[in-house]
Amino acid sequence: MNTIDIRTVNVTQYVHPLREGGSLPAIVKADDGFLYVLKFRGAGQGKKALIAEFIGGEMARAIGLKVPELVFMNLDDSFSKTEPDEEIQDLLKFSVGLNLGLHFLSSAITFDPLVSTVDALTASKVVLLDSIISNIDRTAKNTNLLHWNNELWVIDNGASFYFHHDWKNWTNHLSRTFPLIKDHVLLPKATQLKNASTEIEQTLNQDKIIEIISNIPEDWLTSESDDMNSDSMRAAYIEYINSRLSKIDLLVKEANDAK
C-alpha cells in the first residue's frame, strides 16, 4: 500500500489570482521551484474547505484516480503588504499560516462533457467517489475536472463533506445516501459502477482512511465556533466515510436509478 507523504513548501511568489474560482484561489510559486494552485484558509468556507479538498483528493488518489500532488503551503504576512488589490490583500492577510496547494497542471483544459472523452470505469469511480464524499459540485455547469495529457484529472473537492459545517447535527448524515448524484456530469458515462465499487472496497481500506484523516493538519481542525475537539472530528470523518462505504451497494443502485 502506498503511504501518504505530504510535502510542506513555502510560498515565494504570488503570481496571479484565478478569478473563475468562487473562493479566489491563486497561482503561486513555492520554494521548490514549482507552480501551485493555492487554496486559501481565509476564503469563504475557510479551513473546512481545505479539509474537504484534502480528504477528497487523497481518497481519489487511493482508488486510482489522477489527482495533482497536494502540498501544505506556508504563507507569511509579507504578501498582503505589497498587494494593491484590497480584496486579495484581505484574503492574503487572513490566510497567513498553513494553506493547501495543488500542483499546477500547465496547459490543462477544463473537462467538457460534450467533447472530452473518459473511459467508463474512471467515470464510474468518480461518480461513486462523489457519492461517498457527498460532493455537490461536479455538475455540467462546473465540472471541477481537467483534461491533461489525454487523461482525466480530479480537482476541487472543497464542496464535499458538508456535514462538517454543522457539527452539532453531523450524525444525522450517517444514514443518508446522496440523491444529488442525479446531477453529476459523469453519470451518463458511468456504466461500470459495480466494478468500480469492487475496486473502491479493495483499495479504500480502514488503514488508508485512518492514514488520510491523520494527515489533516491539527491547525485546520481548531475553531472557536466548534465545540468538538480535533480528535472527535477526526473520528467523525472516519465514521462518516465508513458509513458511506458500508452503503456502497445502495449508492450504486441510487446512481443507476438516477440514470
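According to our numbering, the sequence shown is numbered sequentially starting from 413.
Idealized CB from N, CA, C, for every residue including glycine.
Small disclaimer: the values here were computed from a predicted structure and weren't measured.
Kindly indicate which residue of the options has the alpha-carbon position closest to the one of residue i.
i      : options                           : result
Asp568 : Ser528, Thr494, Ser518 and Leu557 : Leu557
Thr634 : His576, Ala667, Ser572 and Asp549 : His576
Lys537 : Asn422, Ser658, Leu599 and Thr583 : Leu599
Phe484 : Leu657, Asp661 and Ile628         : Ile628
Lys460 : Ala571, Thr522 and Met471         : Ala571
Val597 : Thr589, Ile416, Leu447 and Asn547 : Asn547
Gly513 : Tyr426, Thr610 and Met640         : Tyr426
Glu470 : Leu605, Thr415, Gly445 and Val527 : Thr415
Thr583 : Asp531, Gln618 and Ala648         : Ala648
Leu430 : Ile500, Leu482, Glu495 and Ala472 : Ile500
Short check: CB of residue i to CB of residue j, under 8 Å?
i      : j      : result
Lys478 : Leu564 : yes
Leu503 : Gly454 : yes
Leu540 : Leu663 : yes
Asp631 : Leu510 : yes
Ile624 : Ser543 : no
Asn486 : Thr420 : yes
Ala438 : Asn422 : no
What does residue i pair with, by DSSP beta-bridge criteria?
i      : result
Glu563 : Trp560
His596 : Thr551
Leu482 : Leu514
Pro429 : Ala438
Ile681 : Since the first residue of the chain shown is 413 and the last is 671, residue 681 is not available in this structure.
Asn584 : Answer is none; Asn584 lacks a bridge partner.
Thr522 : Leu558
Could one say the Cβ of residue i lies closer than 8 Å to chain C's Cβ atoms, at least one of them?
i      : result
Tyr649 : This model lacks chain C altogether, as it is built from one protein chain only.
Taking residue i and residue j to be in contact with their CB atoms under 8 Å, please state how far apart those CB atoms are, rounded to whole angstroms.
i      : j      : result
Tyr448 : Phe491 : About 14 Å separates the two Cβ atoms, so there is no contact after all.
Just checking residue i against the ligand COA - is the residue's beta carbon closer than 7 Å to any of the ligand's heavy atoms?
i      : result
Gly468 : You won't find the ligand COA in this model; it holds no ligand whatsoever.
Complete runs of the alpha helix (DSSP H) confined to the segment 638 to 668 [at least 4 residues]: 642 to 658
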